[in-house]
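The numbering of the sequence shown is this note's numbering, which starts it at 121 and goes up by one. For glycine and all other residues, C-beta sits at the position ideal for the given N, C-alpha and C.
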Amino acid sequence: ALLRAERTRGLRATAAAAVALIVSGWGVSQYPYLLGTHLPVQDAAAPHATLAVLVGVACAAGILILPSLVLLFRVMGRADVADRAASHESP
Numbered sequence: 121a122l123l124r125a126e127r128t129r130g131l132r133a134t135a136a137a138a139v140a141l142i143v144s145g146w147g148v149s150q151y152p153y154l155l156g157t158h159l160p161v162q163d164a165a166a167p168h169a170t171l172a173v174l175v176g177v178a179c180a181a182g183i184l185i186l187p188s189l190v191l192l193f194r195v196m197g198r199a200d201v202a203d204r205a206a207s208h209e210s211p
């Protein structure tokens, strides 16, 4: 409806919310079982040591990647970069 009305202001947030609601709805509908009624979530979880390493790696990746993403979005959000990119796209 937003696309047809050509109102793109809240389109990304609406799409992200739709995806989040679908994924969370799937999780709620499956609880407490994963894979039908055969495997409870508690039995499917990895051992505590594996989960701890996974959280550590995710935190390290976030610390390494987030500054690069912030810089990327700041540079691409600047008007001179956006104008230059727009001038290269037009025929």
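From Val-190 to Leu-159, what does the alpha carbon distance come to, in whole angstroms? 40 angstroms
Where the alpha helix (DSSP H) containing Pro-167 begins and where it ends: It is not in any alpha helix (DSSP H) - Pro-167 carries neither H nor E in the DSSP assignment.
Beta-carbon gap between Leu-122 and Thr-134 smaller than 8 angstroms: At the C-beta level, Leu-122 and Thr-134 come within 8 angstroms of one another.
So, under 8 angstroms CB-CB, Val-161 and Tyr-151 are touching, yes? Tell me the CB distance rounded to an integer number of Å. Between Val-161 and Tyr-151, the beta carbon gap of about 7 angstroms places them in contact (Cβ cut-off 8 angstroms).
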